[in-house]
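For reference, the structure is listed below as structure tokens.
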Amino acid sequence: MKYETVIGLEIHAELCTETKIFCGCTTAFGGDENTHCCPICLGLPGVLPVLNGKVVEYAVKAGISTNCSIAEFSKLDRKNYFYPDLPKAYQVSQYDLPICSRGYIEIDTQDGPKKIGITRIHIEEDAGKLLHDTDDGSTLIDYNRCGVPLIEIVSEPDMRSAEEARAYAEKIKSILEYIGVSDCKMQEGSLRFDVNLSVRPAGTTTLGTRTEMKNLNSFKALVNAIENEKARQIELIESGGEVVQETRKWDDIRGINTSLRSKEEAHDYRYFPEPDLVPVVLERDYVEGLKSELPELPYVKLERYIREYGLPEYDAGVITASLPMALFFEECAGIYSGEPKTVSNWVMGELLRILNEKGMEPAQIPFPAKHLAALLELVDKGTISGSAAKKVFTEMFETGEEPEVLVKSLGLLQINDENELKAVIQAILYANPQSVEDYKAGKEKALGFLVGQTMKETRGKANPQVVNKLLKELLGK
């Protein structure tokens with residue numbers, strides 16, 4: 001039997017406010033354990049929270065950018081559950097009246113564009129972090145993260161594969177980066193994914209029993225978790241078992257999918273309105289004002305790159321998927337005197353290759369865009385060859401040094417002097433009479449061999465165009 005996978009995502013994004021959602025504690029990542037907290041974010045008796053206005057602003061901007069309806073009236077609620085990383089024994093979130101709802105984004109699939117619905121975007125506070133000691137089995141708690149503001153973006157169950165889920169998650173990340181509401185640093189937990197997944201016989205419409213996998217913090221883990229859980233559910237069904245609604249944990253390092261607890265429903269959390277916080281009431285002028293402040297969004301920038309820079313749609317899509325990458329490309333293309341497609345080729349080739357090898361994000365590129373522009377100018381002027389430029393680029397990534405300095409220190413200056421090269425080529429022709437005869441007999445491969453010998457003799461420093469020109473001239477005589 002063939003099965004269809006039904007997937008919905010809950011994306012938690014930490015907002016890049018300077019202070020927490022209900023107090024003045026810093027949201028800075030790191031710091032000694034339990035030093036970024038106060039009586040309010042620790043939930044001590046008698047404290048009074050005050051909602052951070054920036055949290056509302058950022059949530060509304062996220063909603064506008066994902067085609068959501070923005071509520072004129074919304075409220076905050078208490079979501080009650082007992083867990084060590086939640087000192088108040090409840091989380092301030094939103095339940096029945098979220099700030100944003102009924103949105104969508106479009107993703108590209110093999111079958112063309114597909115619309116993924118967004119059920120809601122609501123604001124809430126983050127919990128603390130449990131630190132497990134594998135040596136003695138003890139668990140410690142760091143409350144620094146308590147009260148860091150989040151938005152939770154809840155999708156409709158519209159995705160049917162791990163590839164679609166990844167495309168959706170990447171699109172959401174890109175939008176949040178562009179509008180500046182979250183830094184989306186997954187390595188720091190700023191962006192996390194929860195996957196709701198079920199399978200059903202292909203062609204049917206009744207939803208199967210779903211499971212939830214929580215706190216996936218990379219696109220690789222997202223894809224691996226979906227593929228593993230899909231296979232687990234299908235195997236369970238075909239062996240006569242029954243899928244149980246539960247929360248599961250995916251360990252991407254060990255490739256292990258384990259059960260955590262039975263899945264809670266809304267009534268298990270005993271939601272009720274937060275009595276210490278007033279409702280959020282938004283004027284239309286306020287929402288329209290925020291809409292006018294939004295920067296160029298990824299799909300708009302993509303269309304502009306095709307139109308202004310003449311890039312293929314694929315190139316433009318890859319580059320604009322990440323705001324830091326797009327800004328790097330634009331700055332470099334603005335400085336470089338050559339074609340923007342040349343910059344695109346280097347960004348999508350050498351730059352992405354090294355970033356992927358090192359597991360780095362575009363925001364971590366260790367040199368400015370002007371360095372790449374300068375490197376490309378050196379190639380265009382014939383100062384260095386294309387292969388030498390790749391060596392310089394790799395070294396530039398390691399040191400951050402200017403390309404002109406690296407070219408000299410690595411001894412990669414290209415030989416363009418015709419008299420110098422002519423002497424080398426004449427010696428090679430005398431040493432390879434058979435190749436000379438082969439070329440005169442019409443065997444073009446012989447020319448390639450002689451070019452290779454010249455490049456070998458000059459340790460790759462000879463200008464290939466000049467070598468080809470001189471060889472043809474001398475062989476013609």
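Counting from 1, position 194 in the sequence shown corresponds to residue 194 in our numbering; the numbering is continuous, with no gaps. All residues carry an ideal CB built from backbone N, CA and C; glycine is no exception.
For a test of the three-state rule: what should DSSP assign to F193, helix, strand or coil?
strand
Cβ separation of L216 and V195, assumed to be a contact under 8 angstroms, to the nearest whole Å:
7 angstroms
Which residues does DSSP pair with G289 in a beta bridge?
According to DSSP, G289 bridges with nothing at all.
Can you check whether the CB of Y58 is closer than 8 angstroms to the CB of D77?
no
Given 8 angstroms as the limit, is there contact between the segment 127 to 139 and the segment 8 to 21, that is, 3 or more CB pairs closer than that?
no
May I ask you to list the residues that DSSP assigns as paired with Y90?
N80
Fully enclosed by the segment 436 to 475, which alpha helix (DSSP H) runs are 4 residues long or longer?
445 to 457
Indicate whether L277 and L51 have their beta-carbon atoms separated by less than 8 angstroms.
yes
Assess contact between the segment 60 to 77 and the segment 243 to 256, defined as three or more Cβ pairs (one per stretch) separated by less than 8 angstroms. Is contact present?
no
What number of angstroms, rounded off, separates the C-alpha of G240 from the C-alpha of T35?
52 angstroms
Looking only at its chain, what residues have a beta carbon closer than 6 angstroms to the beta carbon of T66, apart from the 5 residues adjacent to it on each side?
G103, I105 and I118
Helix, strand or coil for C100? Go by DSSP, reduced to three states.
strand
What three-state label does DSSP hand A328 in the structure shown?
In the sequence as displayed, the identity of residue 328 is Phe instead of Ala. In the structure shown, F328 sits in a helix (DSSP, three-state: H, G or I).
Should Y191 and I11 be called a contact, given that it needs their Cβ atoms to be closer than 8 angstroms?
In the sequence as presented, Tyr is not what sits at residue 191; that position holds Leu. Closer than 8 angstroms, so yes.
Given a cut-off of 8 angstroms on the beta-carbon distance, is the pair Q426 and L475 in contact?
no
Along the chain, which unbroken stretches of the alpha helix (DSSP H) at least 4 residues long are found entirely within the segment 2 to 83?
53 to 65
Rounded to the nearest angstrom, what separates L290 and V281 at their Cα positions?
15 angstroms
What span of residues does the beta strand (DSSP E) with M396 cover, start to end?
M396 -> not in any beta strand (DSSP E); alpha helix (DSSP H) instead, spanning G386 to T399.
Option in Y336, S385, F328 and T394 with minimal Cα separation from P362
F328
Should the segment 142 to 159 be regarded as contacting the segment 23 to 38, the criterion being three or more beta carbon pairs within less than 8 angstroms?
yes
Contact set for V491: own chain, Cβ-Cβ below 8 angstroms, skip 5 residues either direction
Because the chain is modelled from 1 through 477, residue 491 falls outside the range shown and cannot be assessed.
Euclidean distance between Cα positions of A266 and T5
24 angstroms
Just grab the DSSP bridge partners of M213 for me.
V195 and R248
Looking at the strands, I want to know which residues DSSP matches up with G112.
T109
Determine the extent of the beta strand (DSSP E) in which I141 is found, giving its start and end residues.
T139 to D142
Between the CA atoms of A321 and N356 - distance to the nearest angstrom
15 angstroms
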